[in-house]
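In the UniProt record's numbering, the protein residues as written are 1 to 100.
Encoded as structure tokens, the structure appears first; notes follow it.
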């Protein structure tokens with residue numbers, strides 16, 4: 001796929017970027033170069049290569065989901081926490097309306 005100056009101007013318009021004719025000509029070459037690299041990547045043989053999300057193995061450190069594991073920060077402390085709220089409403093934090 002090749003990009004022409006009309007396509008560059010359309011992309012710039014969609015991105016709300018004002019570009020001159022000289023800038024459009026320069027961007028045409030740059031975008032065609034980028035698309036060339038993408039096409040070249042598509043030619044790489046990746047059979048047998050497992051997909052990965054990172055270059056290093058990441059393991060999530062999970063913990064048991066235990067309610068009231070810590071008596072200071074565990075559950076069933078709603079009344080204590082809402083005592084610090086400036087305007088609690090029906091067991092929740094009351095906040096001012098920001099959308100009219």
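Glycine included, C-beta positions come from ideal geometry on N, C-alpha and C.
query	result
Limits of the alpha helix (DSSP H) - the one that residue 20 falls within	Looking at the DSSP string, residue 20 is not in any alpha helix (DSSP H), and its letter there is neither H nor E.
Inter-stretch contact at 8 Å, needing at least 3 Cβ pairs: the stretch 21 to 36 / the stretch 2 to 10	yes
Span of the alpha helix (DSSP H) around residue 4	Looking at the DSSP string, residue 4 is not in any alpha helix (DSSP H), and its letter there is neither H nor E.
Span separating the alpha-carbon of residue 81 from that of residue 90	13 Å
Cβ-Cβ separation, residue 85 to residue 93 (assumed contact under 8 Å), whole Å	5 Å
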